[in-house]
Every structure is written in C-alpha cells, then in structure tokens.
Amino acid sequence: MQRDHTHRMESRLESTLVDATDNPKERRWYPRFRSVLRFLPLLPLLAFVAIGLVGPMVIPADPDEQELLNRLQPPAWSGGSWHHPLGTDGLGRDLLARVADGAQFSLLIGVIAAVNAGVIGVMLGAFAGLAGGWTDRVITSLVTVEMAIPAIVIGIVITATLGQGLLNLIVILLLGGWIVYARIVRLQALALRRSEFVEAAYALGAGRFYVLWRHLLPNLAPTILVLFAQGIAAVMVYEATLTYLGLGLPIESVTLGSLVREGQQVVFSAWWAGFFPGIMIALAVVGFNFLADWIQARMRIDRIADM
Amino acid sequence: MARLALRALAILAGTIFVASSGIFFLIHLSGDPTYGFLPVNTSPEIRESVRDRLGLDQPLVTQYVMFLRDAFTLDFGYSWSLRQPAAEAVLRVFPATLQLALIGTVSAVVVGVVLGVITSARRSGPLEWVLSATTLVGLAIPGFWLGTLLILLFAVELGWFPSSGSAGLRSMVLPIIALTLHPASMIARLVRANMRDVESTMYIRTARAKGLPARAVQWRHMLPNAVLPAVAYVGLHAAGLIGGAIVIESVFAWPGVGRMALQAALERDMPVIHAFVVLSAVMVTMVNILVDLTAMAIDPWLRSSQVMSHAT
Numbered sequence: 182m183q184r185d186h187t188h189r190m191e192s193r194l195e196s197t198l199v200d201a202t203d204n205p206k207e208r209r210w211y212p213r214f215r216s217v218l219r220f221l222p223l224l225p226l227l228a229f230v231a232i233g234l235v236g237p238m239v240i241p242a243d244p245d246e247q248e249l250l251n252r253l254q255p256p257a258w259s260g261g262s263w264h265h266p267l268g269t270d271g272l273g274r275d276l277l278a279r280v281a282d283g284a285q286f287s288l289l290i291g292v293i294a295a296v297n298a299g300v301i302g303v304m305l306g307a308f309a310g311l312a313g314g315w316t317d318r319v320i321t322s323l324v325t326v327e328m329a330i331p332a333i334v335i336g337i338v339i340t341a342t343l344g345q346g347l348l349n350l351i352v353i354l355l356l357g358g359w360i361v362y363a364r365i366v367r368l369q370a371l372a373l374r375r376s377e378f379v380e381a382a383y384a385l386g387a388g389r390f391y392v393l394w395r396h397l398l399p400n401l402a403p404t405i406l407v408l409f410a411q412g413i414a415a416v417m418v419y420e421a422t423l424t425y426l427g428l429g430l431p432i433e434s435v436t437l438g439s440l441v442r443e444g445q446q447v448v449f450s451a452w453w454a455g456f457f458p459g460i461m462i463a464l465a466v467v468g469f470n471f472l473a474d475w476i477q478a479r480m481r482i483d484r485i486a487d488m
Numbered sequence: 074m075a076r077l078a079l080r081a082l083a084i085l086a087g088t089i090f091v092a093s094s095g096i097f098f099l100i101h102l103s104g105d106p107t108y109g110f111l112p113v114n115t116s117p118e119i120r121e122s123v124r125d126r127l128g129l130d131q132p133l134v135t136q137y138v139m140f141l142r143d144a145f146t147l148d149f150g151y152s153w154s155l156r157q158p159a160a161e162a163v164l165r166v167f168p169a170t171l172q173l174a175l176i177g178t179v180s181a182v183v184v185g186v187v188l189g190v191i192t193s194a195r196r197s198g199p200l201e202w203v204l205s206a207t208t209l210v211g212l213a214i215p216g217f218w219l220g221t222l223l224i225l226l227f228a229v230e231l232g233w234f235p236s237s238g239s240a241g242l243r244s245m246v247l248p249i250i251a252l253t254l255h256p257a258s259m260i261a262r263l264v265r266a267n268m269r270d271v272e273s274t275m276y277i278r279t280a281r282a283k284g285l286p287a288r289a290v291q292w293r294h295m296l297p298n299a300v301l302p303a304v305a306y307v308g309l310h311a312a313g314l315i316g317g318a319i320v321i322e323s324v325f326a327w328p329g330v331g332r333m334a335l336q337a338a339l340e341r342d343m344p345v346i347h348a349f350v351v352l353s354a355v356m357v358t359m360v361n362i363l364v365d366l367t368a369m370a371i372d373p374w375l376r377s378s379q380v381m382s383h384a385t
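Here it is in structure tokens:
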C-alpha cells in the first residue's frame with residue numbers, strides 16, 4: 182500500500198516535469214540542439230537511402246549509356262569533369278548513376294529478403310521455444326546443421342542447380358538469413374514460456390497459437406525490430422558478396438557487388454570504379470547497425486549479442 | 074573428450090546428410106538432370122545412354138539411397154568439366170584452402186585478443202581511438218571489398234605485395250589481412266568488454282594488492298577469464314570464417330576449392346559442387362574441434378564434462 186502510494190507520487194512528479202519541458206513558452210522555432218543530436222546516428226542511413234531511392238530519379242545520366250570516348254574518366258575533383266562527378270567505368274558509363282542504381286537494387290533486395298527471412302525465422306524460433314519437445318528438436322538440429330555450412334556455399338549450390346535469377350537470389354538470401362532470427366527468438370521464447378502471464382494464459386484455456394500471437398510476439402517486438410535492422414545490413418553484405426562472385430544474378434546486372442567486381446578488373450588504371458560502390462556498402466552496413474543501436478537505446482532493451 | 078568428438082562427428086554426419094539430400098532434391102527438381110549439363114541439341118539416343126550410364130533411369134528412391142551412400146564414402150562421381158573424379162580434383166586443391174582458412178582464423182584470434190587487451194587497459198588516448206576506429210571499419214566493410222582495397226593500396230600503388238596468385242609467403246600477406254580484420258574486430262570488442270567486467274572482481278584486486286606488475290595482472294589473470302566468449306565466438310562463426318576464406322580465394326585468385334567450386338557452379342558440374350559442400354562442412358567441424366580443445370585448455374571447468382561451443 183505504502184509502495185503503491187509513493188509510486189503514484191513519483192509518476193505525478195514525472196508528469197509535471199514532462200509538462201514543464203513541454204511548456205509552449207519553452208518551445209522555440211528551431212529544434213533544440215539535443216534533440217537534433219539524438220538523430221545523428223541515423224545520418225549514414227539517411228545518406229544511403231537518399232542516394233539509393235532519390236538518386237536514380239534525379240541523376241540525369243543513364244547508368245547503361247556507354248561513351249567509349251570517355252572511358253575511365255577520373256572523379257571531378259581529381260582531374261575529371263563535373264559531367265561525370267564520380268568518373269566513368271571501363272565502358273564510359275557514368276559511375277554516379279551506376280552506384281545510385283546499384284544502391285537502389287541492393288536496398289530493395291535487402292529489405293525484401295530481410296522481411297521474409299524475419300517472418301520465417303521468428304515463426305520457427307518462437308514455435309520451437311514455445312512448443313518444446315520434438316518440434317524444438319527438429320528446428321534446433323536444422324539450425325545446428327545449417328550453421329556448419331558457410332552461407333556462401335548455399336549460394337554456390339543454388340546457383341549450380343537452379344541457375345541465376347532474381348528469385349533464386351532471394352531464395353539464397355532467405356536460406357542464409359533466417360537462422361539468426363530463429364536462434365535468438367527461440368531463446369527468448371524459452372525464457373517467456375516459464376513466465377507467469379504465459380502460464381496464466383494457458384491456465385485460462387488459451388491455445389498455443391493464441392499465446393504465440395497475443396503474448397509472445399508483442400513481447401518480442403522490440404527484439405525483432407533490432408534483429409531486423411541488423412538483418413538488413415547482413416543480408417546486403419551477403420547479397421553484395423554473392424553478386425561480386427557472379428552468383429545468384431546474371432553477370433551484367435547492376436548491383437553494388439557487381440560494380441566492385443567490375444572495378445577490380447580495372448584496378449590498375451581506375452581506383453574509383455571499385456572504390457565508390459564499396460563505400461556505399463559500408464555506408465549501408467554502418468547505417469543499419471547504427472539504426473539497430475539507436476532502437477536499442479531508445480527502447481531501453483538489453484543489448485542483443487549474437488552469441 | 075570422447076563425447077566431444079562424438080558430438081562433432083554427429084553434427085558432421087547430419088550436415089552431410091541434409092546437404093546431400095538438399096542437393097539431390099535440387100538436381101531432380103527441374104526434371105531430367107541431363108538438361109543441366111548436356112547441350113540442348115543433344116540427340117535423344119545419346120541423352121538416353123548418358124542417363125543409363127549415370128543410373129538416372131533407376132527409381133528415385135534407389136537413386137537417393139545410392140547418392141547418400143556415395144556421399145558418405147566420399148565418392149562424388151566424375152567431373153565432366155575437369156575430366157577426373159570430383160573428390161580427387163577437390164582434394165588436390167584442398168590444402169591451399171585449408172592453409173588460408175586456418176592461418177586466417179588463428180591470426181584473427183591473436184590480433185583480436187591483443188587489440189582487445191591493449192584497448193581495455195587505457196580508457197582514452199590516441200591509441201585507443203585509432204584502434205576503436207579500426208575495429209569499427211573492420212566491422213563495416215565486407216571482406217571482398219577490403220581485399221580489393223588492399224590490392225589497390227599495397228599491390229597497385231605501393232607494389233609491396235603481389236595482387237594475386239599463390240607464389241610464396243608474400244602472396245599470402247594480403248589475403249590473410251583481408252580475412253583477419255572483420256573477425257579480429259569482433260573478437261577485440263568482445264575481449265575488451267569482458268576485460269572490463271573482470272577488472273572489478275576480487276581476485277584481480279588481490280592480484281594487484283600483492284604487487285604483481287600491471288602487465289602480469291592483465292595477461293595472466295584477467296585474460297584467461299575474459300577470453301572464453303571470444304573463443305565461443307569463433308566456434309559459433311566457424312562457418313563464416315571458412316566462407317570468408319572461400320570468398321577471399323576469388324578476390325586474390327588463390328588456387329583453392331572456393332575458386333574451383335565457383336567455376337563448377339557456373340558450369341553446373343554437380344559432382345564438384347557436392348564434394349565441395351561436404352569438404353566445407355568438414356572444415357567447419359575441424360575449426361569447431363579446435364575451438365573446443367582451446368576452450369578446455371583455457372578453462373578447467375570445461376575439462377570435466379561440459380561442451381562449450383555449438384551452444385545454441
């Protein structure tokens with residue numbers, strides 16, 4: 182009773198404090214510095230998304246147009262012209278337009294694959310943790326077995342049997358991507374299975390799917406969100422590695438990975454051709470991992486270590 | 074010890090089983106497998122004779138059982154593009170890959186642990202800042218691009234190391250650096266975080282109180298207690314480390330199984346692919362056994378019965 186009272190006092194105190202800072206007189210026409218600073222970690226991601234989504238629309242150059250007289254032009258600031266800000270590749274194509282195109286493709290594929298891998302992984306993981314028994318054993322051994330196969334090997338096998346194509350690439354990314362979700366969600370589901378509110382739900386006659394949907398998933402939502410942000414970064418690196426090796430997609434497709442490969446072929450005469458696509462990959466990795474950290478900090482959830 | 078080896082072998086057998094089943098399923102998913110490797114305009118008679126010779130006219134179940142039996146006896150069939158048995162071809166280039174993968178893994182652990190210990194000792198300062206920035210970069214950039222950057226800097230600009238091939242020790246330097254940076258950054262961060270946790274324990278206070286020099290406290294007392302999660306990381310990401318070596322082979326034109334498999338994938342030479350998958354599972358198992366042995370050497374508790382890696 183006493184504790185309840187003080188708790189209420191505290192919350193009232195808190196709300197007055199919040200009101201004080203939210204006082205209209207305190208509001209200024211410019212955003213306060215601290216609140217701007219809070220969004221600073223999202224800057225790399227914003228930069229990547231701006232180049233990837235807006236870039237292809239506003240950059241006038243055609244990524245596939247060849248100007249054989251303007252082959253291997255350097256970037257504007259090291260001797261090139263502003264006609265091709267990042268220079269041109271071995272066939273005289275505008276590198277900026279190609280990088281923007283590749284970034285757009287990588288971003289879309291990354292999000293699509295991460296969403297699907299997330300749905301499959303979360304469902305299997307949550308179900309394994311909640312059901313236990315044989316379900317758990319089968320899913321766990323599937324995870325154990327797949328963890329003994331390097332992800333790149335899956336890419337090689339699928340390409341060798343099914344050939345190259347967009348759908349096959351997504352299948353490869355899914356097969357490599359679901360495991361992280363399944364492992365971590367399973368562990369959290371195992372912990373939640375023993376909690377009182379889940380037991381209470383079972384005692385009231387709730388079925389397994391009801392508990393999964395109404396109790397487990399809402400509790401796991403912040404974790405899943407963080408895993409998802411990290412997952413996009415991981416999938417994008419995986420996709421870039423595959424397309425760099427010429428796996429998954431036909432060899433002429435424009436992705437960040439295939440641009441790095443093209444750049445490596447002219448590495449002795451044009452450093453920029455492979456450098457800028459790689460910078461974009463790094464930007465995406467940093468951006469999405471910063472986003473994950475940012476979500477973690479904002480939601481005050483424990484750090485999820487992939488251990 | 075015996076239990077540990079048995080467990081590793083069980084996982085290996087399970088992996089070979091699941092991977093071989095998957096490959097069998099995928100080969101037969103598209104109907105007649107001969108369309109995968111014979112030219113489209115092959116005459117029906119030749120196609121039929123090839124089917125007959127490869128046993129493709131048998132019932133699927135019989136084929137499946139024979140496929141699995143061959144996988145477990147390391148008989149993967151005849152590679153038509155290399156014109157020799159696939160197992161032989163892959164095993165011939167296997168030492169080159171093993172060399173790269175093992176040296177890369179060991180150097181990742183050594184560099185990661187040393188970086189972690191150094192950065193955990195000083196809270197701030199230029200060295201700490203540089204090393205933190207290095208680990209951040211190491212985590213952000215993918216291995217294959219790091220490889221091309223290294224070629225750009227050390228092979229093209231400076232000319233210190235060859236950009237490709239496997240002639241001598243000098244040509245190993247760049248691939249090993251490219252393989253090391255990412256896992257070493259991860260391990261350095263883990264070790265640093267754990268060193269700081271261990272620092273506040275009573276036995277470290279005791280070690281300092283009895284007058285041990287700071288370096289002895291760090292390396293003899295703190296590190297063995299802080300390094301286990303890093304070792305577990307290597308076990309958990311063994312597949313990633315092996316996969317990294319397979320990718321790096323292509324960047325530096327290193328004549329190993331990765332490059333051979335990549336070529337085979339584009340030519341749809343399934344026996345080579347099958348041998349390659351089994352071999353990469355064997356490599357991952359080897360790394361996992363090494364990790365378990367290392368963990369037992371470090372932690373006396375684990376020597377009793379518990380298995381520390383593979384924990385899911």
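Chains A and B, in that order, give the protein sequences.
The numbering used here numbers the first residue of the first sequence as 182 and each following residue consecutively.
The numbering used here numbers the first residue of the second sequence as 74 and each following residue consecutively.
Even for Gly, the Cβ is constructed at its ideal location relative to N, Cα and C.
Since we're looking at a predicted model, the values are computed, not measured.
Classification of residue i by the beta-carbon crowding that lies within 10 angstroms, buried from 16 upward
| i | result |
| --- | --- |
| histidine 255/B | buried |
| aspartate 270/A | buried |
| tryptophan 453/A | buried |
| glutamate 191/A | Residue placement at glutamate 191/A cannot be trusted, given a pLDDT of 49 that sits under 50; what the coordinates show is reported in the next sentence. With fewer than 16 other Cβ atoms within 10 Å, it is exposed. |
| aspartate 245/A | exposed |
Inter-residue Cα distance where the pair is residue i and residue j
| i | j | result |
| --- | --- | --- |
| methionine 277/A | serine 180/B | Per the sequence shown, the amino acid found at residue 277/A is leucine instead of methionine. Roughly 37 Å separates the two Cα atoms. |
| threonine 221/B | leucine 171/B | 22 Å |
| leucine 385/A | glutamate 433/A | 59 Å |
| valine 138/B | alanine 402/A | 44 Å |
| arginine 195/B | isoleucine 214/B | 26 Å |
| arginine 124/B | aspartate 130/B | 6 Å |
| proline 399/A | tyrosine 391/A | 12 Å |
| glycine 459/A | arginine 341/B | 29 Å |
| proline 241/A | isoleucine 301/A | 40 Å |
| valine 467/A | alanine 387/A | 43 Å |
| histidine 310/B | methionine 328/A | 8 Å |
| leucine 530/A | valine 134/B | Residue numbering for chain A in the displayed model covers 182 to 488; residue 530/A lies beyond these limits and cannot be assessed. |
| valine 330/B | alanine 473/A | 36 Å |
Per-residue contacts from residue i into chain B (C-beta, under 8 Å)
| i | result |
| --- | --- |
| glutamine 445/A | Thr221, Ile224 and Val324 |
| valine 418/A | Pro215 |
Proximity of residue i and residue j at Cβ, strictly below 8 Å
| i | j | result |
| --- | --- | --- |
| glycine 308/B | asparagine 361/B | yes |
| glycine 358/A | alanine 295/A | yes |
| glycine 299/A | isoleucine 405/A | yes |
| serine 287/A | threonine 436/A | yes |
| alanine 341/A | alanine 318/B | no |
| proline 248/B | tryptophan 327/B | yes |
| isoleucine 330/A | alanine 83/B | no |
| leucine 408/A | alanine 363/A | no |
| isoleucine 191/B | proline 297/B | no |
| leucine 212/B | serine 258/B | yes |
| leucine 223/B | alanine 261/B | no |
| glutamine 247/A | arginine 274/A | yes |
| alanine 81/B | threonine 367/B | no |
| phenylalanine 349/B | valine 91/B | no |
| arginine 281/B | valine 290/B | yes |
| alanine 98/B | serine 237/B | According to the sequence as given, residue 98/B is phenylalanine; it is not alanine. Cβ atoms of phenylalanine 98/B and serine 237/B: not closer than 8 Å. |
Range of the contiguous alpha helix (DSSP H) that encloses residue i
| i | result |
| --- | --- |
| isoleucine 337/A | 332-343 |
| tryptophan 315/A | 314-328 |
| tryptophan 453/A | 453-480 |
| serine 236/B | From DSSP, serine 236/B is part of no alpha helix (DSSP H); its letter is neither H nor E. |
| glutamine 131/B | Glutamine 131/B -> no alpha helix (DSSP H), and no H or E assigned at all. |
| leucine 354/A | 347-374 |
| glutamine 291/B | No alpha helix (DSSP H) holds glutamine 291/B; DSSP gives it neither H nor E. |
| methionine 268/B | 243-272 |
| serine 180/B | 159-194 |
Chain B residues whose Cβ lies nearer than 9 Å to that of residue i
| i | result |
| --- | --- |
| valine 466/A | Leu212, Ala213, Ile214 and Pro215 |
Within chain A, the residues that residue i reaches when beta carbons sit closer than 9 Å
| i | result |
| --- | --- |
| alanine 174/B | None at all; the shortest Cβ gap to chain A is about 10 Å. |
| methionine 268/B | In chain order: nothing, as chain A lies at least about 16 Å away. |
Within chain A, partners of residue i - CB distance below 7 Å
| i | result |
| --- | --- |
| arginine 341/B | Ala341 |
Heavy atom of the ligand GDP within 7 Å of residue i beta-carbon
| i | result |
| --- | --- |
| alanine 160/B | This structure does not include the ligand GDP; it has no bound ligands of any sort. |
Partner residues on chain B for residue i, Cβ-Cβ distance less than 7 Å
| i | result |
| --- | --- |
| glycine 455/A | Thr221 |
| serine 322/A | Gly87 |
| tryptophan 452/A | Leu225 |
Interface partners of residue i on chain A, CB under 8 Å
| i | result |
| --- | --- |
| isoleucine 315/B | Pro331 |
| leucine 335/B | Ile337, Leu426, Gly427 and Leu428 |
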